[in-house]
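Numbering (the numbering used here), first residue to last: 2 to 140.
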């Protein structure tokens, strides 16, 4: 089973939220705005068919532009967030490989968001324990 990166999951969730928001706005505009627009156009001498066509064309263009903007923004923000989130995790993974290779003196900086600090602290405790056990073993 292929696993996808965190960026794809963030993008999918964000696109889902954007789709729901755009659907709600679209339905609201169609229901409320359509009737109001028809009334105004009829008062100014347009037929119902012309008013509907004009409204549908305008709304379709605006909603398509909103969808395009939402998708582009979502992809950019998801990629940025994924990069920001995965960087410290990859640093821990690289450090764990070095620790496994015998570099028991390696420590990670305990900085960043709370979860990253906690992960670094746990890694450092593990490294200190392994370093101590290696010292005892060598004596």
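Virtual Cβ for every residue (Gly too), placed ideally from N, Cα, C.
Supposed contact pair residue j and residue i - C-beta distance, whole angstroms, cut 8 Å
| i | j | result |
| --- | --- | --- |
| residue 23 | residue 67 | 6 Å |
| residue 31 | residue 60 | 7 Å |
| residue 106 | residue 132 | 6 Å |
Residue nearest to residue i in terms of C-alpha spacing, selected from the options
| i | options | result |
| --- | --- | --- |
| residue 130 | 117, 103, 118 and 113 | 103 |
| residue 127 | 59, 41 and 109 | 109 |
| residue 113 | 43, 90 and 81 | 90 |
| residue 85 | 45, 125, 132 and 117 | 117 |
| residue 27 | 81, 13 and 58 | 58 |
Own chain partners of residue i with C-beta closer than 6 Å, once the 5 adjacent residues on each side are dropped
| i | result |
| --- | --- |
| residue 71 | 19 |
Sequence-distant residues of its chain with Cβ nearer than 8 Å to residue i (five each side left out)
| i | result |
| --- | --- |
| residue 6 | 83 and 87 |
| residue 92 | 109 |
| residue 125 | 108, 109 and 111 |
Proximal residues to residue i (C-beta, below 7 Å), its chain only, five neighbours per side dropped
| i | result |
| --- | --- |
| residue 25 | none |
| residue 8 | 79, 80 and 83 |
| residue 49 | 39 and 43 |
* Does the pairing of the region 117-130 with the region 92-99 give three or more beta-carbon distances under 8 Å? -> yes
* Asked: Does the region 35-50 come close enough to the region 76-95 to have 3 or more Cβ pairs within less than 8 Å?
  -> no
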